[in-house]
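Here the protein sequences come in this chain order: A, B and C. The numbering used here puts the first residue of the first sequence at 8, with every later residue one more than the last. The numbering used here puts the first residue of the second sequence at 893, with every later residue one more than the last. The numbering used here puts the first residue of the third sequence at -4, with every later residue one more than the last. Cβ coordinates follow ideal geometry from the N, Cα and C atoms, glycine included. A quick note: this is a predicted structure, and the numbers were derived from the prediction, not measured.
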Amino acid sequence: MVLEFLRFLRASGGAMMRGSRNYYLWLLFLVAWIALGVLAYLHQLNVGLVATNMVDQVPWGAYIANFTYLVGMAAAAVMLVIPAYVYDDHALHEVVVLGELMAVAVLVMCLSFVMVDIGRPDRFWHFVRFNWPASMLSWDVIVLNGYLLLNFYITTYLLFSKFRGKKPDRKKYVPFVFLAIGWAVSIHTVTAFLYSGMGARPHWNAAILAPRFLASAFAAGPSMVIIALTVIRDRMGFPVKDKAIDRLRQIVAVTMMINLFFFFSEIFTELYSFKEHAASMRYLLFGLKGHHLLVPYIWAAVTLDVFAAIVFVTPRLHKNHNVLLVGCAAAIVGVWVEKGMGLVIPGFVPSPLGEVVEYAPSFTEFCVSAAIWALGALLYTLLLKAAVPIELGKLRLNPEPAE
Amino acid sequence: MARSDPPTPSVPTPGERVEKLVETRLEESGSRRTFLKLAGLAAATTAVSGCGTSAPTSEEFFRQHYKKLTPEDKERIFRLIEDETLARTGVATHISDPPPIDGVEFAYALNLSVCNGSRRCVEACARENNLPDDPEMRYIRVLEIDAGTLDLDESTPNYGTDKVPAKDKFYLPVQCHQCDHPPCVRACPVGATWKEPDGIVVVDYSWCIGCRFCVVACPYFARRFNWQAPTVAPERINPNQGYLSNRPRFKGVVEKCTFCLHRTRKGRMPACLEACPTGARKFGNLNDPNSEIRHIISTKRVYVLKEELATLPRFYYFFS
Amino acid sequence: MGDEPQRLHTSLPPPAPSGSVTVDARQPLLPTYPCSRCHQDRTPDPRERKLTQFHTQKVLDHGTLGGWCYRCHTKDDIDKLHLSDGTLVSFNEAYELCGSCHGDKLRDWKAGIHGLTTGYWLGDRTRRSCPACHDPHSPRFPLMTPEHAPALPRTVSASGVEPEESHGPE
């Protein structure tokens, strides 16, 4: 079995290295961004986090904003799994592995964003003294790594079985799949609780934050999966059923509406009584005391979200696949702004003592963040390059006609 | 930058009298603080880079959490740190680790009728605790608020150099409140910050991973992060240091007010209290029925900031 | 002194004792003491006027007082102060005189709530007498020049506006 597994790895590795010219150009493009990011990160390691634009008043910035957004993206893999396994939707069955591989790549991005954000990465082993269950961050570390392991196991098992030409044993993966469904919800709930548990930050200290996180994640995540499946179908020859993509579209249609409803509900609650704690919301939407850096971004995000919602519910629009893709991109970008920078930064404005200090990422932060996104794209590309041929039956342990 | 008015040799005015009084108190307490007539000195000093060298030594890498250190470990570590400081700056320091005194629970009270916003406490704390000037780090933040409101959102810490107290304003210094339900302690994922039996919330600088979740969690803006290596000029180093309070810190870790535990656990007053020219600050053992702090809580209308967050601070504000 | 605070976590007794409290002596600090050196041969003049020869820096700005200097200083025994009923107090106990009008402040001061205290919270303490901070002739606490304002966060320029952001939130 071990020998077969090694051959599985070798065959996968081989598949990753073979490709068209465009494939190599794409890899090169990603590696270039990663190299730039590595240089930027080395600079940050050398001088300290002063290389970022974070200050005591704004202690978290682009890194944690990206982390927050991507945890939701990773959780969205469950959006494929629930219909496929719970409702036995066969159209989605085949693409589940591809979605879960995306979760793996995205989780690596999440963990990378955390690593580049902490002040003393050399002290990573200090987690042995876990402040669990009190610290929400300790929960987050546990659930994220657990989810990574789960997805890694499920995808490896399924792909390895297919590689060997054997039907996967349901007992060896279905229980884990159901575990992953619950776990996916938990990773994003825990991340939301990081924020909603903070009494010091009234902008986040709302019950609706966790539901909002989940709704927005399940709008942006499947949108990303739709785009990925389109690429897989068009570029890699994997037959993705229209029904699968449409199922995802239906999901996003609902979740984006819910997300918008939650957001407007928050706005109403904060602004109607004009209470003190609404200062952060006022800063975000209208500006505060002459500071208005985020105002155009949040309104653009809301516009994109609304546009995406319209596309997803209007048959005349979403039946055109290109328009659907634009809608997906709008959802992805809109939720990124509204949930990443548009949620994390206003939590710090004003500071607990009433100071208004604005934040925008520094060049170092931009380079490192772009590099991590490129890393995720690279990882997903490589994983797909091996997984798709296996799924198609083209990559086999024993290259004979399939049974 | 504002500087205190220098004393004149002739008969002192009331203002000068007060300045002289504060100076005398500082000298009495015997610490090596230079009172701030150092306009040129800060610029001219050769700032030696602090403990911010990028790579940790192998001893630092494997060092255990403070609570796991044996007395022998502590001896060894303290001598190591003292040697390193001596080699780096030429200053001989002494690191102590005074344990909490049995039966003591510290509390602080601040008289808002009397604080005039002089910020003497801010600078005295900086000198006592070896806080860097560049980049500037200060544990205490003094807010100027319009009389008639307690709304912190309408306050400013950036009031300038005009004489204080300004008309129709009052002044509210904020530092770590050593809360009884500290949100920072709950937030820390590695247990690098915790509440000691005498009430002080401490940080093990050698254990902190710099995730800044505690900075996010604190409702009082009390915690500071070293975004870069802190540097303190050798002649301004306070050699009387505590492992959990004012020993040299590093880039990438969090720190905050510790009620000067290297002083208070030996019976002395915190540096901020001694520097206050108006006597607005009061400190003592909550458990002692004869202490000033108990008297204040019993007889004055004390209140705490952001009471609705149930942090149960040990820092009480009152008007007299 | 009131009930035990609910918030105590210790049932151990406090370290004892809290040490002695002494009041600093004012008399040795007075530059012109003993006053009788000059005043024993002079007739007291209680008329309110501007002094031109001696004590010229003393500006009387202490509420509405009648009797001028001799409201507090004693005509017959110039080295002492007196309370409103005639009781003599030395300069070292000037706080009793201040407290005869400012009783609440005296009560707070005796408890250590008001005024400056130096020394040890666990050990001996010294209280500063009232005139140490409040010139009895012009007692309003003087205005002071504060220390410098906190440094702005490095991402904020002096005008309070952010330096140009590099790429904006992407």
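Between residue 1034 of chain B and residue 1049 of chain B, the gap from beta carbon to beta carbon is short of 8 Å. A straight line joining the alpha-carbon of residue 1123 of chain B with that of residue 62 of chain A spans about 18 Å.
For residue 137 of chain A and residue 1095 of chain B, the gap between their C-alpha atoms comes out near 16 Å.
Shown here, residue 1176 of chain B sits in a strand according to DSSP, grouped into three states.
Within its own chain, the residues whose Cβ lies closer than 8 Å to the Cβ of residue 1004 of chain B, once the five positions on either side in sequence are excluded, are 1062, 1063, 1064, 1172, 1209, 1210, 1211, listed in chain order.
Secondary structure of residue 21 of chain C (DSSP, three-state): coil.
Exposed is the label assigned to residue 17 of chain A, since fewer than 16 other Cβ atoms lie within 10 Å of its Cβ. Put simply, the CB of residue 299 of chain A is far from chain B, with every gap to its CB atoms at 8 Å or more.
Looking at the DSSP output, residue 73 of chain A shares a beta bridge with no other residue. For residue 266 of chain A, the secondary structure class from DSSP, reduced to helix, strand or coil, is helix.
Residue 988 of chain B is outside the set of residues whose beta carbon lies under 8 Å from a beta carbon in chain A. Boundaries of the beta strand (DSSP E) around residue 1036 of chain B: 1033 to 1038. Note that the C-beta distance between residue 120 of chain A and residue 77 of chain A is below 8 Å. The residues 73, 74, in chain order, have a CB closer than 6 Å to that of residue 30 of chain C in the same chain once the five nearest residues on each side in sequence are set aside.
Secondary-structure assignment with DSSP links residue 130 of chain C through a beta bridge to C:133. Listed in chain order, the non-local C-beta contacts of residue 1087 of chain B below 7 Å within the same chain comprise 1074, 1077, 1093, local neighbours out to five positions each way being set aside.
Per the C-alpha coordinates, the member of B:1085, B:1144, B:1006, B:1205 positioned closest to residue 1102 of chain B is B:1144. Take residue 397 of chain A, set aside five residues on each side of it, and the residues of its chain with a beta-carbon closer than 7 Å to its own are 166, 169, 170, in chain order. Distance check between residue 1185 of chain B and each of C:57, C:109, C:140 places C:109 closest, using alpha-carbon atoms only.
Residues of chain B whose Cβ lies closer than 7 Å to the Cβ of residue 109 of chain C are, in chain order, 1171, 1212. Shortest Cα-Cα distance from residue 106 of chain C to any of B:1189, B:949, B:951 involves B:1189. Rounded to the nearest angstrom, the gap between the Cα atoms of residue 41 of chain C and residue 88 of chain C is 24 Å. Looking at the backbone, the Cα of residue 965 of chain B and that of residue 1044 of chain B are separated by about 45 Å.
At least one CB of chain B lies nearer than 8 Å to the CB of residue 4 of chain C.
The beta carbon of residue 1051 of chain B is closer than 6 Å to those of 1036 in its chain, skipping five residues each way along the sequence. A Cβ-Cβ contact shorter than 8 Å links residue 1014 of chain B with residue 142 of chain C. If one requires a minimum length of 4 residues, the alpha helix (DSSP H) runs lying completely within the stretch 289 to 339 of chain A are 302 to 320, 322 to 325, in chain order.
Here residue 23 of chain A is not near residue 394 of chain A, since their CB atoms are 8 Å or more apart.
Each residue's CA atom was taken as its position, placing residue 356 of chain A and residue 301 of chain A some 11 Å apart.
Here residue 8 of chain C is exposed, its C-beta having fewer than 16 other C-beta atoms within 10 Å. Within the DSSP secondary-structure output, residue 115 of chain C pairs in a beta bridge with B:1160. Cβ-Cβ separation between residue 372 of chain A and residue 59 of chain A: approximately 5 Å, consistent with a contact (criterion under 8 Å). Here residue 76 of chain C is buried, its C-beta having at least 16 other C-beta atoms within 10 Å. Around residue 1045 of chain B, the beta-carbon contacts reaching into chain A at under 7 Å are 283, 286, 357, 361. For the stretch 1053 to 1090 of chain B, the full-length beta strand (DSSP E) segments reaching 3 residues or more read 1061 to 1066, 1085 to 1087 along the chain. If you look at residue 1001 of chain B, you'll find it isn't in any alpha helix (DSSP H); it sits in the beta strand (DSSP E) that goes 998 to 1003.
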